[in-house]
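J.: Quick note: the sequence shown uses the numbering used here, first residue 2, plus one each step.
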Amino acid sequence: GKSEKDHVIIEILSAIISEPFYEDLRTKQQLGYIVSSGVRALEETRILAFIVQSSNVPAEKLTAAVMKFLNAFRSDYLEKLSEGDVLTSVKGLLDKR
2 GKSEKDHVII
12 EILSAIISEP
22 FYEDLRTKQQ
32 LGYIVSSGVR
42 ALEETRILAF
52 IVQSSNVPAE
62 KLTAAVMKFL
72 NAFRSDYLEK
82 LSEGDVLTSV
92 KGLLDKR
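(1) Locate the alpha helix (DSSP H) running through Leu95, then write down its first and last residues.
(2) If you count every other CB in all the chains shown that lies within 10 Å of the CB of Ala16, and 16 or more means buried, which is it?
(3) Under DSSP, the alpha helix (DSSP H) around Ser15 begins and ends at which residues?
(4) Would Glu84 be called buried (16 or more neighbouring beta carbons within 10 Å of its own) or exposed?
(5) Give me, in chain order, the residues of the same chain whose beta-carbon lies closer than 7 Å to that of Glu12; leave out the 5 immediate sequence neighbours on both sides.
This is how it looks when you write it as structure tokens:
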């Protein structure tokens, strides 16, 4: 989104998704030697970008793994978060600034 509110929401989402994304694709599945996610600015818009780089896993498999993670993220992670968990992520963002 382009509004300041959208930017804040995507920053919070990024803080929440970053560790589980890395843990699942890099640590558990060992799909790539570079696995990361984060907010990227595209003119006035902010997007959440996901990167998985591997020299021995085909791009199609990497893409499928990212899509599978994202499709399950809401039920596996977001819906299980307490208000305290979200506040911890917000505090972490504020501490970085």
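Even glycine gets a Cβ: it sits at the ideal position worked out from N, Cα and C. Since we're looking at a predicted model, the values are computed, not measured.
T.: The short version:
(1) In the sequence shown, the residue the question calls residue 95 occupies position 94. First-last of the alpha helix (DSSP H) with Leu95: 84 to 97.
(2) Position 15 of the sequence shown holds residue 16. Looking at its Cβ environment, which holds 16 or more other Cβ atoms inside 10 Å, Ala16 is buried.
(3) Locating residue 15 in the sequence shown gives position 14, counting from the first residue. Segment 5 to 23, the alpha helix (DSSP H) holding Ser15.
(4) Taking the first residue of the sequence shown as position 1, residue 84 is located at position 83. Only exposed fits Glu84, as fewer than 16 other CB atoms lie within 10 angstroms of its CB.
(5) For this step, residue 12 is matched to residue 11 along the sequence shown. Cβ within range, chain order: Val40, Leu94.
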